[in-house]
Amino acid sequence: MSAIALMFAVAGALPLQPEALPVAPFDLERGQQQVVLREPLFARSAGTRLVLFVRGGNRADFETRHPTGSVTAHLRDAAGHELTLAHTGYTYYRGFSGLVLTEQTESDRRLAYGALELDTKVALDNVRVVWLDRRARQVQDLRPAL
């Protein structure tokens, strides 16, 4: 116990455990990229969205560099069922520019999606991902396994 108190006094925070990694931004390269999720995602209602936020840039420049359709996401469950989301719009929030990916295929609302594959035509740096589920009125940060 004294070791934890000492770490808190010196570092100003408790040490991180492997199961409690913080949500961290990551870079997306052109092409396909697998993201293994620490927690499954549920699409409880139609209209679920995935938002990829990046820092900076003005609206006109951001939308020119990232045209509609430049990113597609494929969520898969353990049995291979797939939910496809495609880039259909933009959102802006407190200095962040976001690509909004909306549901393109119908899915079973009881499935737990544990794997995410992003197919991008443009590179994105320091991406933060947010999952929006309308019916559950839940906004959830994605927790990629690091």
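Taking this note's numbering, the leading residue of the sequence shown gets 402, the next gets one more, and so forth. Each residue gets a CB set at the ideal place from its N, CA and C atoms; glycine is no exception.
Given a threshold of 16 other Cβ atoms within 10 Å of its Cβ, counted over all protein chains shown, does residue i qualify as buried or as exposed?
| i | result |
| --- | --- |
| residue 514 | buried |
| residue 498 | buried |
| residue 495 | exposed |
| residue 440 | exposed |
| residue 423 | Because the pLDDT at residue 423 is just 36, under 50, the model does not fix this residue reliably, and the value given afterwards should be weighed accordingly. That one is exposed. |
| residue 417 | Residue placement at residue 417 is flagged as unreliable, the pLDDT there being 35, under the threshold of 50; the coordinate-derived value follows with that caveat. Exposed, by the Cβ-count rule. |
| residue 465 | exposed |
Do residue i and residue j have their C-beta atoms within less than 9 Å of each other?
| i | j | result |
| --- | --- | --- |
| residue 493 | residue 460 | yes |
| residue 506 | residue 488 | no |
| residue 444 | residue 504 | yes |
Please report how far the alpha carbon of residue i lies from the alpha carbon of residue j, in whole angstroms.
| i | j | result |
| --- | --- | --- |
| residue 521 | residue 479 | 23 Å |
| residue 482 | residue 500 | 24 Å |
| residue 468 | residue 451 | 16 Å |
| residue 502 | residue 477 | 16 Å |
| residue 430 | residue 484 | 22 Å |
Taking the beta strand (DSSP E) that residue i belongs to, which residues open and close that run?
| i | result |
| --- | --- |
| residue 520 | 514-521 |
| residue 450 | 450-456 |
Give the C-beta separation of residue i and residue j to the nearest angstrom, bearing in mind that I take them to be a contact with Cβ-Cβ under 8 Å.
| i | j | result |
| --- | --- | --- |
| residue 428 | residue 526 | 5 Å |
| residue 516 | residue 435 | 7 Å |
Over what stretch of residues does the alpha helix (DSSP H) that includes residue i continue unbroken?
| i | result |
| --- | --- |
| residue 462 | 460-466 |
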